[in-house]
Amino acid sequence: MTDGRKAISYDPLLLFAVLSLVGFGLVMVFSASAITAQDKLGDSFYFLKRQAVAAGLGLVAMAVAMKLGYRRMARLAYPLLVLAIILLVLVLIPGLGAKVGGAKRWLRLPGLSVQPAEIAKLAWVIYLSYSLAKKREKVQSFSVGFLPHLGVAGLLVILCMLEPDFGSSVALLFLMFVMLFAAGAKLSYLVGSVLAAIPFAWTAIASSAYRMTRITAFLDPWANRRGSGYQVAESLMSIGSGGVTGLGLGDGRQKLFFLPEAHTDFIVSIIGEELGLLGIAALIALYGLIIWRGIRASLHATEAFGTYLGLGITSLVAFQAITNMAVAMGLVPTKGLTLPFISYGGSSLVVLMGAAGLLLSISATAEGGKRRTRVMKARPEPLPPGIGAAA
Amino acid sequence: MRDLKNMQVVEGPSSGMRLRVVLLGAIFLALLAVVFGRAVHLQVHQQEKLKAFAEDQYVRAVEIPARRGDIFDRRGTPLAQSVEVDSVWVDPSLLGDRPAAARALGKALGVDRHELQEKLEKGRRFAWVKRQVTPAEAAKVKALELPGVGFLREPRRFYPQRELAAHVLGLVGTDAHGLDGLEKSFEDELSGERVTREGFRDAKGRKLLTNGVEDPQARQGAALTLTIDRQLQYVTEKALEKAVVDAKAVAGTAVVLDPHTGEVLALANVPRFNPNSPRHASEDALRNRAVTDTFEPGSTFKAFVIATALDEKVITESSEFDCEQGRLAIGRHVVHDTHPYGLLKPRGILQVSSNICAAKVAQKLGRERLVAAYERFGFGERAGLGLPGEGKGALPFPKAEIALATQAFGQGLTATALQLAAGYGALGNGGVLMRPYLVSKVVDPDGLVLLENGPTPVRRVVSEKAARQVVSMLESVVEPGGTAPRARLDEYRVAGKTGTAQKADPLAGGYSDKRIASFIGLVPAEAPKAVILVVIDEPMTDVYGGLVAAPAFKEIAQEAMPLLGVPPSRPGVVAAPALRAPPAKPAKSAVVAAIERLEQLDTVTESQAEGAVRVPDLRGKSGRVAVNALMGVALEPQLSGSGLVASQRPAAGTLVDRGTRISLQLAGPLPLGTP
Numbered sequence: 013m014t015d016g017r018k019a020i021s022y023d024p025l026l027l028f029a030v031l032s033l034v035g036f037g038l039v040m041v042f043s044a045s046a047i048t049a050q051d052k053l054g055d056s057f058y059f060l061k062r063q064a065v066a067a068g069l070g071l072v073a074m075a076v077a078m079k080l081g082y083r084r085m086a087r088l089a090y091p092l093l094v095l096a097i098i099l100l101v102l103v104l105i106p107g108l109g110a111k112v113g114g115a116k117r118w119l120r121l122p123g124l125s126v127q128p129a130e131i132a133k134l135a136w137v138i139y140l141s142y143s144l145a146k147k148r149e150k151v152q153s154f155s156v157g158f159l160p161h162l163g164v165a166g167l168l169v170i171l172c173m174l175e176p177d178f179g180s181s182v183a184l185l186f187l188m189f190v191m192l193f194a195a196g197a198k199l200s201y202l203v204g205s206v207l208a209a210i211p212f213a214w215t216a217i218a219s220s221a222y223r224m225t226r227i228t229a230f231l232d233p234w235a236n237r238r239g240s241g242y243q244v245a246e247s248l249m250s251i252g253s254g255g256v257t258g259l260g261l262g263d264g265r266q267k268l269f270f271l272p273e274a275h276t277d278f279i280v281s282i283i284g285e286e287l288g289l290l291g292i293a294a295l296i297a298l299y300g301l302i303i304w305r306g307i308r309a310s311l312h313a314t315e316a317f318g319t320y321l322g323l324g325i326t327s328l329v330a331f332q333a334i335t336n337m338a339v340a341m342g343l344v345p346t347k348g349l350t351l352p353f354i355s356y357g358g359s360s361l362v363v364l365m366g367a368a369g370l371l372l373s374i375s376a377t378a379e380g381g382k383r384r385t386r387v388m389k390a391r392p393e394p395l396p397p398g399i400g401a402a403a
Numbered sequence: 012m013r014d015l016k017n018m019q020v021v022e023g024p025s026s027g028m029r030l031r032v033v034l035l036g037a038i039f040l041a042l043l044a045v046v047f048g049r050a051v052h053l054q055v056h057q058q059e060k061l062k063a064f065a066e067d068q069y070v071r072a073v074e075i076p077a078r079r080g081d082i083f084d085r086r087g088t089p090l091a092q093s094v095e096v097d098s099v100w101v102d103p104s105l106l107g108d109r110p111a112a113a114r115a116l117g118k119a120l121g122v123d124r125h126e127l128q129e130k131l132e133k134g135r136r137f138a139w140v141k142r143q144v145t146p147a148e149a150a151k152v153k154a155l156e157l158p159g160v161g162f163l164r165e166p167r168r169f170y171p172q173r174e175l176a177a178h179v180l181g182l183v184g185t186d187a188h189g190l191d192g193l194e195k196s197f198e199d200e201l202s203g204e205r206v207t208r209e210g211f212r213d214a215k216g217r218k219l220l221t222n223g224v225e226d227p228q229a230r231q232g233a234a235l236t237l238t239i240d241r242q243l244q245y246v247t248e249k250a251l252e253k254a255v256v257d258a259k260a261v262a263g264t265a266v267v268l269d270p271h272t273g274e275v276l277a278l279a280n281v282p283r284f285n286p287n288s289p290r291h292a293s294e295d296a297l298r299n300r301a302v303t304d305t306f307e308p309g310s311t312f313k314a315f316v317i318a319t320a321l322d323e324k325v326i327t328e329s330s331e332f333d334c335e336q337g338r339l340a341i342g343r344h345v346v347h348d349t350h351p352y353g354l355l356k357p358r359g360i361l362q363v364s365s366n367i368c369a370a371k372v373a374q375k376l377g378r379e380r381l382v383a384a385y386e387r388f389g390f391g392e393r394a395g396l397g398l399p400g401e402g403k404g405a406l407p408f409p410k411a412e413i414a415l416a417t418q419a420f421g422q423g424l425t426a427t428a429l430q431l432a433a434g435y436g437a438l439g440n441g442g443v444l445m446r447p448y449l450v451s452k453v454v455d456p457d458g459l460v461l462l463e464n465g466p467t468p469v470r471r472v473v474s475e476k477a478a479r480q481v482v483s484m485l486e487s488v489v490e491p492g493g494t495a496p497r498a499r500l501d502e503y504r505v506a507g508k509t510g511t512a513q514k515a516d517p518l519a520g521g522y523s524d525k526r527i528a529s530f531i532g533l534v535p536a537e538a539p540k541a542v543i544l545v546v547i548d549e550p551m552t553d554v555y556g557g558l559v560a561a562p563a564f565k566e567i568a569q570e571a572m573p574l575l576g577v578p579p580s581r582p583g584v585v586a587a588p589a590l591r592a593p594p595a596k597p598a599k600s601a602v603v604a605a606i607e608r609l610e611q612l613d614t615v616t617e618s619q620a621e622g623a624v625r626v627p628d629l630r631g632k633s634g635r636v637a638v639n640a641l642m643g644v645a646l647e648p649q650l651s652g653s654g655l656v657a658s659q660r661p662a663a664g665t666l667v668d669r670g671t672r673i674s675l676q677l678a679g680p681l682p683l684g685t686p
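Protein chains in written order, with my numbering: chain A, 13 to 403; chain B, 12 to 686.
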């Protein structure tokens, strides 16, 4: 890989993890959705077909991102942010945004529907990376490093909350904190703004009946088993009945209409039921691999933009994966975030695969230098032994 | 690459930033580890609990009993069958407006609305609305198109012969458990192997039999073949019912046994009930009196006394006894005869049924030998038919002189009708008590014979000679001068005995003026092929067995002899009791449709009028019209199939007795006229 042609060498482990997750996702989407699809649409392959098309588009997006290289994104940071804001506004306009389950999250275009929030998350990461890399030391200052980002974040969050999309809002804010923290923003600002946000968050939760029931459902899913806790209770039953080895692929019973959104937000429940603890372990190992290799690529990046972007994309995947699984296992209240690369949903898959392409491009740039490797060795990463072994 | 790198003016991340990035990565991995820990907790530690919760919602609801085995008569006519009918259930969580749904369902199914609503509120994801509905009710519910309402095919017990032998067959509850009769005593065999049926249902409640789960319908219980003869049973029930009605009695019992084998050929009780709709039956009508009820048998016991005395050589055929002109004082008590008699030989004692002389024979025999004889004849112990609640009777030792006297004519002790018939069977077959039995064979669906009953001798009770002598003496009972000339048959010799017992008054102690009249006979007397016992409880018109019970005996015997293939005892007399063709057995597919109609009919009560009627032409008429037409002229309809009457038997215009069963074959609902 260090031949004269200076061949671009992408991190094979990262590539393996992403492609494995996408393939695994296709299998699980089919298993989880076949019966519902047959029942509602008369075509058991309906969701699989659509997801396969999305995966194809995702591969193209990934290849394009790898080919172009992440550095081009610096120039696209503002246009992408503006595009995301426009899309988030458009989705709110009646007639353009499709209302599903009480929320306008889909922008219906001829032939496909797009979830602007998914695009916004990546655009937000790219923008932050660009902005933080550009500002360097000024990040420490409140007016230059903190306030403008908070302002843009506020705008995006407000637009998301109008849909409403609580999960994406939390993701956007989380990404901001992670990146600001990495950039060296004063902890007092971060902690202070979190404290300041608590009353707003509470108002947002308490003002909406469904968010409130999500909280009560989370606190005691069994007491609300027939009502608000239904999803979580069914999800816990799914995962629990899988045991260590699972019931076997395709043999899950909870997807037989007991568990709503079995192929989207609660797909991990079906994985747990059909493939058991082993399936969950494989899933977690793949995400662990992405985090490990993503952080590694980020550290090896030759300039700050790459570091920030690598961290941002890794954080985006990690946050969604951890939150989604934690929701399905009853650890945190229901959010409405997809399981990256696995859940059914075209926008999410294409955007995340594009993002993975950028991450791979960062990893490729990072190849070669022996110095970095030494640095890596000097500062061993605190990997849990299980994950390290699995990776 | 090279030029891109040159564009970069900044170098890699600072060491502080590296540290923070690594820290963030570590936090993510730690959180993943937490998620994994949670998965271990759920899938290893809580697996059993969560799995149980999950299975609770889809496994329980599809518990369907296996198909119950059929019950056949000795000729293979089905007496009890299982058919599949719909049961309606609901997933209350899918119902929108529960009160409205409860109202609509209640109206369609005739279920109490409030009760139903309570069930809907209580039921979590599954509640029965009504089990085993009629096809019409099912159609009504389907028309409502309510979400969350589903149907489950459940086997239901159906008795194609309706009241026929209902007391023998018994009852099955909604959950397919035998509640009475053979259905109860052969519960394990009929219900079959109760395999765990892991059928699954989805959240919409549809039945899914995945994972190669055995279809519960494929399992079937064992089939029972009875010793009952459907035709004879029918005749017996009709005759008994007529006798009970004629005598304005409260109840009646009849038993027909084969004296040589102990097979129960017919076992009837009145009042009857229709096992297809047992809810309409009173507790009283459900009782199998012949087996469960014990009563003081009265004079029918004298035959046992004489037989034993002859056997023990205490008396001979020519011993004479003084019947004291109808009045004998024993201590403070006085024993009466209905008519005053002087000297009587044993034959005469039985012929006129003298209590006094029977008492004297018993006195000669002595207490011990009398009680021992009764015990040998099977009294005081269960006959062992295998039906639930079988009575055993009481045989108290006659300490007092008067008790010895009364026990000689069957008072002061009790027995069941079945025991009495079995005792006479022993006289009829030459002195051996046979164990009566009702079930000849139990065969499982694979053809494996689980149980086979055959003639079982219990013990010899009297010598063959004594038995023959008594049977011969008993022939005089139906001759002029005997107590039951009405039991005489033209073609067959009858040996019989009347019984007219006082009923004990449980409240006052002592005896009431209520009677139990009975007649038991052996036909043909020269080589008995049947023991026929008729017991009439509390007759109001006449009280004597010879008057009340003997005619029913005669009717049964007349039909039984040709059925059993017995040649007439007295050739020359033309015997032509028209053998009624057994009604066609209803086709299984048509059975469901027939249930509804059958349930709406009451027990067919026959018109009292004697005489024959012509069978009306019913072809092309609807089932209901045909039924009404037949009942109007006191004929009994027997329907099979559905739609319009395609054929009937006997043919239109045939002259038949009232009460004759007319078989109607219904077919196709097309009203296009008959060809």
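Ideal Cβ positions, reconstructed from N, Cα and C, are used throughout, including at glycine.
Just so we're clear, the structure is a prediction, and the values are computed from it rather than from any experiment.
In this structure, the beta-carbon distance from B/Arg79 to B/Ala177 does not fall below 8 Å. Contact annotation: B/Ala320 and B/Lys371 have beta-carbon atoms that are not nearer than 8 Å. Taking the beta carbon of A/Met249 as reference, the chain B residues within 7 Å of it are Leu61, Phe64, Ala65, listed in sequence order. Not flagged as an interface residue toward chain A: B/Phe137, since no C-beta distance is shorter than 8 Å.
DSSP places B/Asn280 inside the beta strand (DSSP E), whose first and last residues are 275-281. Taking C-alpha positions only, B/Pro578 is separated from B/Asp269 by approximately 16 Å. In the DSSP assignment, A/Leu140 falls within the alpha helix (DSSP H) that extends over 128-147.
B/Gln231 is bridged by DSSP to B/Arg78. The beta strand (DSSP E) runs of length 3 or more contained entirely in the region 143-173 of chain B are, from start to end of the chain, 160-169.
If you check the CB distance, A/Ser141 and A/Leu321 come in under 8 Å. At a cut-off of 3 residues, the continuous stretches assigned as beta strand (DSSP E) that sit fully inside the region 306-394 of chain B are 338-341, 344-347. Boundaries of the alpha helix (DSSP H) harbouring A/Glu286: 279-312, taken from the DSSP string. At least 8 Å separates the beta-carbon of A/Ala216 from that of B/Val32.
Taking a 10 Å sphere around the C-beta of A/Gly204, we find fewer than 16 other C-beta atoms and assign the residue as exposed.
With a threshold of 16 other beta carbon atoms within 10 Å, A/Thr48 meets it and is buried. Straight through space, the alpha carbons of A/Ser327 and A/Leu364 are spaced by roughly 12 Å. Counting other Cβ atoms within 10 Å of its Cβ, A/Ser359 reaches 16 or more and is therefore classed as buried. Each of A/Val280, A/Ile374, A/Ser143 was checked against the Cα of A/Tyr356, and the nearest Cα belongs to A/Val280. A/Trp214 sits in a helix when the DSSP states are folded into three classes. Note: B/Ile543 is bridge-paired with B/Val267, B/Gly532 in the DSSP secondary-structure output. When C-beta atoms of the region 289-308 of chain A are compared with those of the region 66-81 of chain A, fewer than three pairs fall below 8 Å, so the two segments do not count as touching. Per DSSP, the continuous beta strand (DSSP E) segment holding B/Asp191 begins and ends at 189-191.
Neighbours of A/Gln266 in chain B, taken as residues whose beta carbon is under 7 Å from its own, are Ala65 in chain order.
Counting only residues of its own chain and dropping the five nearest sequence neighbours on each side, A/Leu287 has a CB closer than 6 Å to the CB of Gly258. The beta carbon of A/Ala338 falls within 8 Å of a beta carbon belonging to chain B, placing the residue at that interface. Between the region 322-333 of chain B and the region 449-461 of chain B there are fewer than three C-beta pairs closer than 8 Å, too few to call the two in contact.
Cβ atoms of B/Arg378 and B/Pro409 come within 8 Å of each other, at about 6 Å.
Secondary structure at B/Met445: strand, using DSSP grouped into helix, strand and coil. Scanning A/Met74, A/Ala297, A/Val339, A/Leu108 for the CA closest to the CA of A/Gly366 turns up A/Met74. Apart from sequence neighbours up to five positions away, the residues of its chain that approach B/Glu475 with a beta-carbon distance below 8 Å are Gly441, Gly442, ordered along the chain.
Boundaries for B/Pro466: no alpha helix (DSSP H) harbours it, and the DSSP string shows neither H nor E there.
The C-alpha of A/Leu134 is placed about 12 Å away from the C-alpha of A/Leu88.
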